[in-house]
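Enquirer: The structure under discussion is supplied below as structure tokens; questions concerning it will follow.
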Amino acid sequence: MRYTQEFGKILNKTEIAKGTFDVILHSPEIAKIAAVGQFVNILCDGFTLRRPISLCGFNSEKGILRIVFEVRGKGTEWMSRLQVGDDMDIIGPLGHGFGLLDSSKKAVIVGGGVGTPPLLPVAQFYRENATVITGFRNASASILQDDFAQAGTNYILCTDDGSAGIHGLTTQALEQYLNKNTCDIIYTCGPKVMMHGVARLAEEHKINCQVSMEERMGCGVGACLCCVCPTKDDNGNHLTRVCLNGPVFMSTEVDWDA
Amino acid sequence: MPDMSVKICGVSFKNPVIAASGTYGYGMDYNEFYPISRLGGISCKGTTLVERAGNPAPRIAETPCGILNSVGLQNPGVGRFLTSYLPRLKKQNIVVIANIAGNSVEDYCKMAERLKESQVDIIELNISCPNVKQGGVNFGILPGSVAEVTSQVKKHSDKPLMVKLTPNVTSIGDIAKAAEGAGADALSLINTLTGMRIDIKTRRPILRNNTGGLSGSAIFPVALRMVREVYKCVKIPVVGMGGISSWEDAAEMMIAGASAVQVGTANFRDPFACIKIIEGLESFADSLGLKSIAELTGTLNEW
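Going line by line, the protein sequences match chains A and B.
Take 82 as the starting number for the first sequence in my numbering and just add one per residue.
Take 939 as the starting number for the second sequence in my numbering and just add one per residue.
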């Protein structure tokens, strides 16, 4: 049995930016087999569909999961009202996560907004060999900067309004970086338009790039075929399940223009 | 403990709970939660003669007590179904219902021919998919076309034929009688109700296909009423579905006249929904002192 349903007790909960919550769960069965870039599906009282939330961290020995989510609608709003000691009904670990090279390789990690959390474990894997570029609307929306700093990464912060870090887009920062440096792999998660920009730069510089896609999801395990992403390969164009075949794809697999 | 097995058009199911087509793929995804051999049966993802890519995303939208979907029959085609999916599924010791869809009567007949001598136990004729441009529900809304496709497929098939009905009709009883008259061995109902959601910021439908099929608890009372209506019109077995999410819902459906039930959208909320329904029905039948769960079917005492 690859999937587990368990009641994860909330050990800690912090609002790290307005409407963005950092939750630590005791979920030993899922933590035991979780991998970087996977997600869990969370039941929200009164809703038919679970909410897919990526793992921002996990500790197999301590049986702990960390999730960071933004209140986007009524389901996540319900989740945000849960308190320390409450249980979350979760299914996981789900999906195909990030592929990691040897940790001595040079990685560039590009995160946008609430797409940043699943990239933290990637940064923690490459540590000083990782360059992390994250972008947020403004200083108060920026999250996880301390975590990326603690991981020992080279950290570049961008904001849309210049209220913190570089005034500009992550793709501009990435372009500047790649004009002077090289790396073995690029990882990205965030708004689709940003990931498309990252994918284009990776292709120009002939660097492998992994992207974590998002789509409205049904079952979360590959059965219902609702959360498809346009992909392409030698056999032509396909609509591929984000929940099972993804969420992480090679940037060249994604049919960005579809 | 009561005998949980039921027999529908000559096929024995170990219990009356069947995973509903379109929500359960070809079964193996849920085999990662529990052995799917515990189910009575599985109705496979709607399959067509040739592979279909389906509709672009978004394909799903949440609604009060339910969802809309517009997958559009994405499937690998009957060839790969037979060579790759069916053998794996049959190894699980489970009744397999092949849900078939097509653009023309000829397509449905060719599908039935391809399934001859296969390990498929029952064919479910999908003439009720609301999410494809050609075929699908167009065959299911008029008694004449229902009878035509049903009788033609019967001529090309050696399997029991279960016709899956759409609720998007004026009189479901007339449709049911047309299918029975044309040789259907069983009926299953209801497929989804056509619906829509709009994003008020962009003023666009949430679904890329604009409309989709409504399923989930929201449609349960409608499904129950239609199963009852059809049960009273026909002599062939009726398999009830539409928003069943608990054993109590399943019991209501059987009391209304269903010989078995299909469970779909409830699996998304609780992947163990089918198992809980089987266990709940068993305890319920036991508490009533029934020898067999089949004794529940059609026992409604109407006012």
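All C-beta atoms in this analysis are idealised placements derived from N, C-alpha and C, irrespective of residue type, glycine included.
Small disclaimer: the values here were computed from a predicted structure and weren't measured.
To the nearest whole angstrom, what separates the beta carbons of Ile1065 of chain B and Val1087 of chain B, a pair I think is in contact under 8 angstroms?
Expert: 6 angstroms
Enquirer: Entirely within the stretch 952-1013 of chain B and at least 3 residues each: give me those beta strand (DSSP E) ranges in chain order.
Expert: 955-957, 979-981, 998-1001, 1004-1007
Enquirer: Taking Cβ positions only, does Ile1035 of chain B come closer than 7 angstroms to chain A?
Expert: no
Enquirer: Looking at C-beta atoms only, is the number of pairs between the stretch 226-233 of chain A and the stretch 247-257 of chain A that lie closer than 8 angstroms three or more?
Expert: no
Enquirer: Just to make sure I have the definition right: I need the residues of chain A whose C-beta is within less than 8 angstroms of the C-beta of Asn1031 of chain B. Which are they?
Expert: Those within 8 angstroms of Asn1031 of chain B in chain A number zero; the least Cβ separation is about 17 angstroms.
Enquirer: Go to Thr24 of chain A, then tell me how far its beta strand (DSSP E) extends in each direction, as first and last residue.
Expert: There is simply no residue 24 of chain A to check, as chain A begins at 82 and stops at 339 in what is shown.
Enquirer: What residues of chain A sit near Val1009 of chain B, judged by a beta carbon separation below 8 angstroms?
Expert: Here the neighbours are Cys305, Leu306, Cys307.
Enquirer: Please give the ranges of any beta strand (DSSP E) in the stretch 252-316 of chain A, keeping only runs that are unbroken, at least 3 residues long and fully inside the region.
Expert: 266-270, 289-293, 309-314
Enquirer: Is the separation between the beta-carbon of Pro1105 of chain B and that of Met1164 of chain B shorter than 7 angstroms?
Expert: yes
Enquirer: Give, in chain order, every residue of the stretch 82-102 of chain A whose Cβ lies closer than 9 angstroms to some Cβ of chain B.
Expert: Met82, Arg83, Tyr84, Thr85, Gln86
Enquirer: Need the endpoints of the beta strand (DSSP E) that Glu1062 of chain B sits in, please.
Expert: 1060-1064
Enquirer: Around the Cβ of Arg132 of chain A, are there at least 16 other Cβ atoms within 10 angstroms (buried) or fewer (exposed)?
Expert: By the C-beta density criterion, Arg132 of chain A is buried, having at least 16 other C-beta atoms within 10 angstroms.
Enquirer: Which residues in chain B have a C-beta closer than 7 angstroms to the C-beta of Phe128 of chain A? List them in chain order.
Expert: Glu1000
Enquirer: With DSSP run on the structure shown, which of helix, strand or coil describes Leu1103 of chain B?
Expert: coil
Enquirer: Pair every Cβ in the stretch 1118-1127 of chain B with every Cβ in the stretch 1079-1099 of chain B, then say whether three or more of these pairs are closer than 8 angstroms.
Expert: Taking a cut-off of 8 angstroms for Cβ pairs, the stretch 1118-1127 of chain B and the stretch 1079-1099 of chain B touch, as three or more such pairs fall below it.
Enquirer: Ends of the beta strand (DSSP E) at Asp126 of chain A?
Expert: Where Asp126 of chain A is concerned, there is no enclosing beta strand (DSSP E), given that its DSSP letter is neither H nor E.
Enquirer: Just to check my reading of the structure: Gly1180 of chain B and Phe1158 of chain B have Cβ atoms closer than 8 angstroms, yes? What is that Cβ distance to the nearest angstrom?
Expert: 6 angstroms
Enquirer: Between Val1033 of chain B and Pro994 of chain B, what straight-line distance do the alpha-carbon atoms span, to the nearest angstrom?
Expert: Straight-line Cα distance between these residues: approximately 32 angstroms.
Enquirer: Listing by chain order, which chain A residues have their CB less than 8 angstroms from the CB of Asp967 of chain B?
Expert: Cys300, Val302, Gly303, Ala304, Leu325
Enquirer: Would you decide whether His319 of chain A is buried or exposed? Buried here means 16 or more other CB atoms lie within 10 Å of its CB.
Expert: buried
Enquirer: Could you tell me whether any non-hydrogen atom of the ligand NAD is closer than 6 angstroms to the CB of Ala1232 of chain B?
Expert: In the structure shown, the ligand NAD is absent, as is every other ligand, since no ligand is present at all.
Enquirer: List the endpoints of the continuous alpha helix (DSSP H) containing Asn1205 of chain B.
Expert: 1204-1207
Enquirer: Does the distance from the C-beta atom of Gly1130 of chain B to that of Thr1149 of chain B stay below 7 angstroms?
Expert: This sequence places Thr at residue 1130 of chain B; Gly is not what is there. No, they are not a contact pair.
Enquirer: Do Leu1145 of chain B and Ala958 of chain B count as a contact pair if the criterion is CB distance below 7 angstroms?
Expert: no
Enquirer: Of the choices B:Leu1020, B:Ser975, B:Tyr962, B:Arg1166, whose alpha-carbon is the least far from that of Asn1239 of chain B?
Expert: B:Arg1166
Enquirer: With Leu225 of chain A and Thr197 of chain A assumed to form a contact (beta carbons below 8 angstroms), what rounded beta-carbon distance in angstroms separates them?
Expert: 6 angstroms
Enquirer: Please confirm whether Val117 of chain A and Gly194 of chain A have their CB atoms less than 7 angstroms apart.
Expert: no
Enquirer: With 7 angstroms set as the bound, which would you pick, yes or no: does the beta-carbon of Arg297 of chain A sit closer than that to a beta-carbon of chain B?
Expert: yes
Enquirer: By alpha-carbon positions, which one of B:Ala991, B:Asp1208, B:Ala1117 ends up nearest to Cys1171 of chain B?
Expert: B:Ala1117
Enquirer: Starting from Val1075 of chain B, trace the beta strand (DSSP E) in both directions and tell me its first and last residue.
Expert: Neither: Val1075 of chain B is in no beta strand (DSSP E) and is coded neither H nor E.
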